[in-house]
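Engineer: Protein chains in written order, with the working numbering: chain A, 1 to 557; chain B, 1001 to 1331.
For every residue, glycine included, the Cβ atom is placed at its ideal position computed from N, Cα and C.
Computed from a prediction, not measured in an experiment: that's the story for all the values here.
If you scroll down you'll find the structure; I have some questions about it.
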Amino acid sequence: MSRPSDHIDSAPAPSGDGISQPKLGFVGTLRWFWRQLTSMRTALFLLLLLAIAAVPGSLVPQRSSDPNGVTQYFADNPDLAPILDKIQAFDVYASAWFSSIYLLLFVSLIGCVIPRTKHHLQALRAKPPKTPARLARLAGFTTRSAPAGTDAATAVASARTLLKQGRYRVALFDGPKEFSASAERGYMRETGNLVFHSALVGLLVVVGFGSGFGFSGQRVLVEGQTFVNTLLAYDSFNPGRFFNDTELDPYTLTLDDFEVSYETANLEAFGQPVDFTAGVTVTPRGGDAKDGAVRVNDPLRTGGTSVYLLGNGYAPTITVKDPEGTVVFTDSVPFLPQDANLTSLGIVKVPDGLADQVGLVGFFYPTQDETTTGSYFSSFPDLEYPVLTLNVYAGDLGLDDGVPTSVYALDTDTMEPLATRTSDIKPLELKPGETQELPNGLGSVTFENASPDAAAGDYSDSVPRFASFDIHHDPTQGWVLLFAVLVLGGLLTSLFVPRRRLWVKAVEQADGSVRLEYAGLARGEDPGLESAVTALADRHAALLERSASVVKPVEPA
Amino acid sequence: MNLNELSILSLYSAMAVYALAFIAFAIDLAKRSSAVDSAERPAGAADEASVAGAVAAGSTTTLTRISARIANDAATPYGRSASLRVGVSLIVLAWGLHLVAAVLRGIAAERVPWANMYEFAMTGTLLIVTVFLIVLTRTDLRFLGTFVSGLVLILLGIGALQYYVEVAPLPPALQSVWLVIHVFVASLGTGFFALGFALSFVQLLQARREERVGTAKPGRLKFLQTLPSAFTLENLAYRVNIIGFILWTFTLMAGSIWAERAWGRYWGWDTKEVWTFIIWVIYAGYIHARATRGWRGSRSAWLAIIGFAAVMFNFGIVNVFFKGLHAYSGL
Ligand code: HEM
C-alpha cells in the first residue's frame, strides 16, 4: 500500500531498523531522516504537538484577535508581559515555533501523500493480487459444497458475475485442481484519504497566501453620509501584502437610515436590542443606485467587497458659534457607546475661530436618569429623554505638533478646565434643540434637533445615529470553501467506504464434488467484512442452485 | 404556569428520573459482579485459562476480524437482568421528559432552544441521550447506562443551577441559520464523543483486567468480565468517535462560514475557535494513532479520553471564563 512503514497494515520493517545499521553515508542519512519525517509516528507526534502548541494562544490575549487585551495585559503584568512577548506569546499563531510545527507537519504530509498517490494510481490499474494458498486463516472463512454436477470453473465464473455486480474488480486464477476469483473493491477509500490530505495542503496554501491579496477597511457613517470606495475615504485601511489599490471599485455607499429595535415586552430582557438594520443606497460607478441593507450576520456584497455592520451609536449634531454668532464648528459627532444603555462618550475639538482653542468632552444619555448621588446614567438605549452634557476645556489642543491624534480622545492635561464637575462652572447640559453659552464669553454651543417639527416630548428622531462598517475583500474565499468541501468529502469516503478483498475458491475433490471456499481481508476499518463474505457465499450458493436445476436434466430416481 | 415554567418542571422531573435510572444501572453493575463471583466458584480456573488463550490468539486471528454486530465475546456470559431493563425504561422515560422540556423552552422563546449556556446544557445532554438510545437499537451498550445517566445528570444539574437564565430574545449577533446548524451539529458530535469516551474508558479498564488474567491478581471491578473484550470495545469506540469527528469537522466548517458572515473573517483564532481546532486535532491524532503500529489499543484510547476532556473544557470553561467573541453564554 506504500503507506508509512509503521502503518498498522504495513508489513513490519526488517529487523535492525536504525539500531545496528551499517554506515549510512550522507545520502543514506538523508533518506533515513526523510523516512522518519514521513512516518506515521512523526505525523502523530506533530499533530499532538500542534494541539498543545495551540493552547497558550487561548490563555493569553492575542494581538490578532484582541489587541486591547494585549495592552491591558501589559498594564496588569508589567514584569511578565515583556518576557512572554519575547517568546511570541501574544502572536502564537504567527510565531516561529507554532509555524515550524505546522510547516513540518505539512512537509511530512506531502512526503507521505506523494508516494501513496503514485502507488494508488498503479493500484487503480492493477489486477487484484493472486488468491492466497490457504484461505482458512482469513476473515469470515466459509465453505460450501457446490450442487452436484457443477464444475469448478463454472462455479468461479458465476462468482465472478456476482462480484462484478457488487462493483468488485475481479481476476480469475486457474490451477490444475482449483479455480479461484480474487476480487477487490473500495479503491475510493484510499482516493478519499488522499483527497482529504491533499485538500488540507490546498487549504493551508490558500489560507496562507489568500489574505495577501485582499484588504479590510473601516468607515464610520452618520445617517445621510456617503462613502466612496477609495483609499482616502477609509478611516483605517489594512491592505494585504499583494494588494494593489487600483483594484478598488469606486462605488458609493450612502447610509440612509439606521433602524434599531429594542425589546420592551419581555421584562427579563428589557432594552435588549433585537434588530439593527442599516438601510443603504449603493451606486456602482456609472450604474444605477440600488437600495440595500446591512445587518448583523447579513453582510452586503457589492463591488467585489463585503460590507459588514460592526457597531453603531449616536452622533449628536453639535454647532459652536463665536460671540458674534458666526458658526465655527458644526458636525454630527459619533459618540462611542460605553454601556448597554448607550451612555456615550464623544469629543469635539474647535481649533480655530474662538478666542482660545476649545475642547469639549461630551456625555450623551439617550434616556437620562439620575442616581441617588446625583450622577447621570442612561436607563434605556433608545431616545426617550436625551440629554447631552459637555465638559469644556480651553488651551492647546495639541493639533499643531504634527503628531496624529485620535478624534475620539482629548488630552486634557495641558488644558484649562472651564466647565467640569470639579470646576466652579458645572458642565453644560443640553436637550435637543437647546443652546448654551460657553464660559468666559467664548461663544455658544447648540445641540441640534434633527427633527425640530416632532411633537413636544417626542425625541425619537432627534439625534442622528451612526454605523461603523467593516469592508472586506478576499478573492480567495471561494477556494477556501472548495478545499473545505474536498476535505469533508474525502473524509466521508475514506472513513465509510470499506476497502476489502474477497476470494472465492472452487476446489475439485477426489470424489468429483466441488468444495467452495470464501474469505475476505479488510484493508483498514471494515466492520461489515464478515457479513459481506457470508452474504456472498449465500448468494453464490443460491445462484449455483438455480443454474444447476436449469441446466442439469432431471435424473430418474 | 407559563410554558417556560412547564419546561423547567419537565426538566427537573427528567433529572429525577435520570437519577433513578442511574441507580438501576448501578445495581445492574453490582449484580454483574456477583454473577461473576458465582460463575467463578465452580469453574473459575478453566474459564480464565480459555480467556487467556483467546487473548494470546487475538493477535493473529482477531486483527482482521471486526464484525458488524457487537461480538458477544465477554469472558463471563451474563443473562437477563431486571434492573438493566428497568434502567433502560427509566432512561427512555427521562429522555421523553427531557425532550418535552427542550421543546417547551423552544416554543416559549420562539426559537431553537440552544442560544445560551442553560439551553446548550439542556439540548446538548438531550442529544447525548438520544445518540445513546439510537446506538442501543443497534448494539447492546446498556452497560454504559450508569455513565450516560450520570454524566447527563451532572451536566443538567450544573446547567440548571449555575447557568439558568430567563427566556430572552436572540441578540442580533445570534440571529442566523448558522446558529441552528452549527450549534446543533456541535452538540450532536459531542453526543458521539461522550459515548466514545465511555467506551474508551471501559476499554482501558478491560485491557488492564485482560493483562491480569492468568496472573494471580484478579481486579476488583468484577463486572468487567461480563462486558465485551477490550478489542471489541476499541472497535466500537472507534466507530462512534469517527462519526463524532466527522460531525466536528462539519462544526468547524459551519462555524467558519458563520464567522465570515458575522465578523467578516472565516478564521481569527478567537478562543473558542482555538479550542474547537485543538479538539479537532486531538481526534485526528486519535484516528492516526489507531493506524500507527504501537499505538493501537490503550494508547489511542487515552487520546479519545483527552479529546473528550477537551470537549467538556471547551463547553464548561472556555464558554464561561475565557474572553472572546463567542461571549454569548447568556451569563
Ligand atoms: C495536517 C496534518 C494531518 C491531518 C489533520 C490528518 C488527518 C487525518 C485524518 C482525519 C485521517 C482519517 C481520515 C482518512 O483516512 O482520510 C487520516 C488518515 C490517515 N493519515 Fe493523516 N493527517 C495529517 C497528516 C498525515 C501525515 C503527515 C501522514 C503520513 C505520515 C498521514 C497519513 C495518514 C494515513 C496513512 C491515514 C490512513 C489511516 C488509516 O489507515 O486508517 N497523515 N489523517
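Determine, using beta-carbon pairs with one atom in the segment 1014–1033 of chain B and one in the segment 1150–1169 of chain B, whether at least three such pairs fall under 8 Å.
Structural biologist: Touching, yes, given that three or more Cβ pairs across the two stretches are closer than 8 Å.
Engineer: Here's the rule I'm using: 16 or more other beta-carbon atoms within 10 Å means buried, otherwise exposed. How should A/I606 be labelled?
Structural biologist: Residue 606 of chain A lies beyond the range of chain A shown here (1 to 557); nothing can be said about it.
Engineer: Any C-beta of chain B sitting closer than 8 Å to the C-beta of A/E545?
Structural biologist: No, its Cβ sits nowhere closer than 8 Å to a Cβ of chain B.
Engineer: Is B/K1031 helix, strand or coil by DSSP?
Structural biologist: Helix.
Engineer: Give me the chain B residues within the contact set of A/Y308, using Cβ-Cβ distance strictly less than 7 Å, ordered along the chain.
Structural biologist: Residues of chain B passing the Cβ test: G1264.
Engineer: Using 7 Å as the cut-off, classify the Cβ of B/A1291 as near or not near the heavy atoms of ligand 1, replying yes or no.
Structural biologist: True, at least one ligand heavy atom lies under 7 Å from that Cβ.
Engineer: Just to confirm my understanding: we take B/T1146, look at its own chain, exclude 5 residues before and 5 after, and list those with CB closer than 7 Å. What are they?
Structural biologist: The residues are F1022, F1025, A1026, L1029.
Engineer: Measure the alpha-carbon distance for A/E517 versus A/F141 and round it to whole angstroms.
Structural biologist: Between A/E517 and A/F141, the C-alpha separation is close to 7 Å.
Engineer: According to DSSP, simplified to helix, strand and coil, what is A/A510?
Structural biologist: Note: A/A510 maps to coil in three-state DSSP.
Engineer: State the DSSP-derived secondary structure class of A/F258, mapped to helix, strand or coil.
Structural biologist: Strand at A/F258.
Engineer: In terms of residue numbering, what span does the beta strand (DSSP E) encompassing A/M415 cover?
Structural biologist: Taken as a continuous stretch (DSSP letters only), the beta strand (DSSP E) holding A/M415 covers 415–419.
Engineer: Just the Cα atoms here: how many angstroms apart are A/K86 and A/A54?
Structural biologist: The straight-line gap from Cα to Cα measures roughly 17 Å.
Engineer: Give the residues from the segment 211–223 of chain A that approach chain B closer than 8 Å (Cβ to any Cβ), ordered along the chain.
Structural biologist: Correct list: S216.
Engineer: By how many angstroms is the C-alpha of A/S494 removed from the C-alpha of A/F243?
Structural biologist: For A/F243 and A/S494, the distance between alpha carbons rounds to 38 Å.
Engineer: Establish whether the CB of A/G57 and some CB of chain B are separated by less than 8 Å.
Structural biologist: For A/G57, the answer is yes, since a Cβ of chain B falls inside 8 Å of its Cβ.
Engineer: What are the residues in the segment 275–287 of chain A lying within 7 Å of chain B by C-beta distance?
Structural biologist: Within the segment 275–287 of chain A, the residues whose Cβ lies closer than 7 Å to some Cβ of chain B are D275, F276, listed in chain order.
Engineer: Provide the residue span of the alpha helix (DSSP H) that contains B/G1145, from first to last.
Structural biologist: Its alpha helix (DSSP H) spans residues 1145–1162.
Engineer: Name the DSSP beta bridge partners of A/E429, please?
Structural biologist: DSSP lists A/T389 as partners of A/E429.
Engineer: May I ask you to list the residues that DSSP assigns as paired with A/H472?
Structural biologist: Answer by DSSP bridge pairing, in chain order: A/S216, A/S306.
Engineer: Helix, strand or coil: how does DSSP classify B/S1083 here?
Structural biologist: Helix at B/S1083.
Engineer: Kindly confirm or deny that the segment 318–331 of chain A and the segment 345–357 of chain A touch, where touching means at least three C-beta pairs closer than 8 Å.
Structural biologist: Yes: at least three Cβ pairs fall under 8 Å.
Engineer: Rounded to whole angstroms, what's the CA-CA distance from A/L491 to B/E1273? Just pull it up for me.
Structural biologist: About 21 Å.
Engineer: Using the beta-carbon count (16 or more within 10 Å), is B/G1255 buried or exposed?
Structural biologist: It is buried - the Cβ of B/G1255 has at least 16 other Cβ atoms within 10 Å.
Engineer: Cβ atoms of A/Y393 and A/E416: under 8 Å apart, would you say?
Structural biologist: In contact: A/E416 and A/Y393 (Cβ atoms closer than 8 Å).
Engineer: Flag A/N193 as yes when its Cβ comes closer than 7 Å to any non-hydrogen atom of ligand 1, and as no otherwise.
Structural biologist: Correct: A/N193 has its Cβ closer than 7 Å to ligand 1.
Engineer: Along the chain, where does the alpha helix (DSSP H) containing A/N238 start, and where does it finish?
Structural biologist: Not the alpha helix (DSSP H): A/N238 falls in the beta strand (DSSP E), residues 236–239.
Engineer: Here's the rule: buried if 16 or more other CB atoms are within 10 angstroms of the residue's CB, otherwise exposed. What is B/R1105?
Structural biologist: Burial call: buried.
Engineer: Is the shortest distance between the beta-carbon of B/A1056 and the beta-carbons of chain A less than 8 Å?
Structural biologist: At B/A1056, the pLDDT of 38 sits below 50, so the modelled position is not reliable; the number obtained from the coordinates is stated separately. No, its Cβ sits nowhere closer than 8 Å to a Cβ of chain A.
Engineer: Comparing the C-beta of A/I87 with each C-beta of chain B, is any distance below 8 Å?
Structural biologist: No, A/I87 does not count as interfacial toward chain B.
Engineer: Could you give the distance in angstroms between the alpha-carbon of B/V1177 and the alpha-carbon of B/T1190?
Structural biologist: Straight-line Cα distance between these residues: approximately 20 Å.
Engineer: Would a check of beta-carbon distances place A/E263 closer than 8 Å to chain B?
Structural biologist: Interface residue, yes.
Engineer: Give me, in chain order, the residues of the same chain whose beta-carbon lies closer than 6 Å to that of A/Y385; leave out the 5 immediate sequence neighbours on both sides.
Structural biologist: The answer, listed in chain order, is T367, Q368.
Engineer: Check whether the segment 103–122 of chain A and the segment 198–211 of chain A touch, using three or more Cβ-Cβ pairs below 8 Å as the test.
Structural biologist: Contact between the segment 103–122 of chain A and the segment 198–211 of chain A is present, because at least three Cβ pairs lie under 8 Å.
Engineer: At a CB distance below 9 Å, what residues from the segment 52–81 of chain A approach chain B? Give them in sequence order.
Structural biologist: Correct list: I52, A54, V55, G57, S58, L59, P61, Q62, S64, S65, D66, G69.
Engineer: Just the C-alpha distance for A/S261 and A/L48, rounded to the nearest angstrom, thanks.
Structural biologist: The alpha-carbon atoms of A/S261 and A/L48 are separated by roughly 47 Å.
Engineer: Note the first and the last residue of the continuous beta strand (DSSP E) segment covering A/Q436.
Structural biologist: Where A/Q436 is concerned, the enclosing beta strand (DSSP E) stretches over 435–437.
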